[in-house]
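Asks: To start, I am sharing the structure in question, which I have written as structure tokens.
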């Protein structure tokens, strides 16, 4: 790894993130990971603490997606903090178009420098890659021994271990079709001994709120972030505009 300070991650230095869990989505089919992060930010009332700029992602800027009355802006990649649960979330809002190496390197340095405890990547995969209906449950990859060694927990969660792999340079790597950079970042973090877990489910493009809810509930069963009650889940205000404005009455 290159020995230089992270310059593109802007977070106040005084914020102590030691033993925190970092969660982020991979931009993937149906945007399920991003929708799940939205649900987490909104339901837990997390507040923005910083942002990330990297040439891998298209730059964007917009209004606060979680509070209509807010004057703050959102960007391509923003960090949100949850001190009650020791979590920090990185929400990504644009497609990635550049080389991932610099982004992976910056993120790994940030994780090590801030002494984060573990990483969770949320993503999705093409449903036509699913071999049978039982696999429509949450699937996972993990290098986190605290999870992989807890057989009772994994049994209760009813997740399915992901086995699909592909050979690259005479070595086998996990492969998630349509999952974006998730498997690449997972393998990269493994080389530095950073505990990482990928959660995903199969889906198709369209209205993927139900898929995000499945991922959200599975994650909550693992980490116990909110009460297991549908009323505890809060949709972001920006979701009102998923499909644009209603048709004009002048059409009729």
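Numbering (UniProt numbering), first residue to last: 1 to 252.
Note that beta-carbon positions come from the ideal geometry of N, C-alpha and C, so glycine has one too.
(1) Residue 256 and residue 24: beta carbons closer than 8 Å?
(2) Name the one or two DSSP bridge partners that residue 91 has.
(3) Measure the alpha-carbon distance for residue 90 versus residue 250 and round it to whole angstroms.
(4) Taking 8 Å as the cut-off, decide whether the C-beta atoms of residue 11 and residue 79 are in contact.
(5) Would you call the CB atoms of residue 22 and residue 111 closer than 8 Å?
(6) Would you check if the distance between the CB atom of residue 126 and the CB atom of residue 197 is smaller than 8 Å?
(7) Below 8 Å, can you find three or more Cβ-Cβ pairs linking the stretch 53-66 to the stretch 212-226?
(8) Determine the burial state of residue 201: buried for a count of at least 16 other Cβ atoms within 10 Å of its Cβ, exposed for fewer.
(9) Our contact map puts residue 225 next to residue 44 with C-beta atoms below 8 Å; I'd like the distance itself, whole angstroms only.
(10) Which residues bound the beta strand (DSSP E) around residue 110?
(11) Could you tell me if residue 57 is buried or exposed, where buried requires 16 or more neighbouring beta carbons within 10 angstroms of its beta carbon?
(12) Identify whether residue 226 lies in helix, strand or coil by the three-state DSSP scheme.
(13) What separation, rounded to the nearest whole angstrom, lies between the Cα atoms of residue 241 and residue 149?
(14) Measuring alpha carbon to alpha carbon, tell me which residue in 145, 190, 114 is nearest residue 14.
(15) Whose C-beta lies closer than 6 Å to the C-beta of residue 34 among residues of the same chain, with five residues either side of it excluded?
(16) Starting from residue 25, follow its DSSP beta bridges and name the residues at the other end.
(17) Closer than 8 Å by C-beta to residue 39: which residues in its own chain qualify, once you throw out the five before and the five after it? Chain order, please.
(18) With a threshold of 6 Å on Cβ separation, who are the neighbours of residue 182 within its own chain once the five nearest residues in sequence on each side are excluded?
(19) Between residue 30 and residue 205, which are expected to be in contact by the criterion C-beta below 8 Å, what is the C-beta distance as a whole number of angstroms?
Replies: Inspection of the coordinates gives the following:
(1) No statement about residue 256 is possible, as the shown extent of the chain runs from 1 to 252 and does not include it.
(2) Residue mapping note: residue 91 aligns to position 91 of the chain shown, counting from 1. Assignment of beta-bridge partners to residue 91 by DSSP yields 78.
(3) Walking along the chain shown from the start, residue 90 turns up at place 90. Walking along the chain shown from the start, residue 250 turns up at place 250. Using only the alpha carbons, I get a separation of about 42 Å.
(4) As a working note, residue 11 is residue 11 in the chain shown. As a working note, residue 79 is residue 79 in the chain shown. Result yes, Cβ atoms of residue 11 and residue 79 sit closer than 8 Å.
(5) Position 22 of the chain shown, counting from 1, holds the residue named residue 22. Position 111 of the chain shown, counting from 1, holds the residue named residue 111. The answer is yes: Cβ separation under 8 Å.
(6) Locating residue 126 in the chain shown gives position 126, where the first residue counts as 1. Locating residue 197 in the chain shown gives position 197, where the first residue counts as 1. No, the pair does not count as a contact, with Cβ atoms beyond the cut-off.
(7) Result no; under three Cβ-Cβ pairs closer than 8 Å.
(8) Taking the chain shown and counting its residues from 1, the one referred to as residue 201 is at position 201. With a 10 Å radius around the Cβ and a threshold of 16 neighbouring Cβ atoms, residue 201 comes out buried.
(9) Numbered from 1 along the chain shown, position 225 holds the residue referred to as residue 225. Numbered from 1 along the chain shown, position 44 holds the residue referred to as residue 44. Their Cβ separation, rounded to whole angstroms, is 6 Å, which keeps residue 225 and residue 44 in contact under 8 Å.
(10) Mapped onto the chain shown, residue 110 falls at position 110. Premise fails: residue 110 lies in the alpha helix (DSSP H), 101-113, not in any beta strand (DSSP E).
(11) Here the question's residue 57 lines up with position 57 in the chain shown. The residue is buried, with at least 16 neighbouring Cβ atoms inside 10 Å.
(12) Numbered from 1 along the chain shown, position 226 holds the residue referred to as residue 226. Collapsing the DSSP output to three states places residue 226 in coil.
(13) Locating residue 241 in the chain shown gives position 241, counting from the first residue. Locating residue 149 in the chain shown gives position 149, counting from the first residue. Cα-Cα distance, rounded: 43 Å.
(14) The residue given as residue 14 occupies position 14 in the chain shown. If we check each option's Cα against that of residue 14, 114 comes out closest.
(15) Here the question's residue 34 lines up with position 34 in the chain shown. Excluding positions up to five away in sequence, the list reads 25.
(16) By 1-based counting over the chain shown, the position of residue 25 is 25. BP columns for residue 25 point to 122.
(17) Against the chain shown, residue 39 aligns to sequence position 39. So the list reads 212, 213, 216, 233, 234, 235, 236, once near-sequence residues are dropped.
(18) Your numbering for residue 182 matches position 182 in the chain shown. Excluding positions up to five away in sequence, the list reads 26, 121, 123, 176, 198.
(19) For the purposes of this step, residue 30 is taken as the residue at position 30 of the chain shown. For the purposes of this step, residue 205 is taken as the residue at position 205 of the chain shown. Confirmed, about 6 Å.
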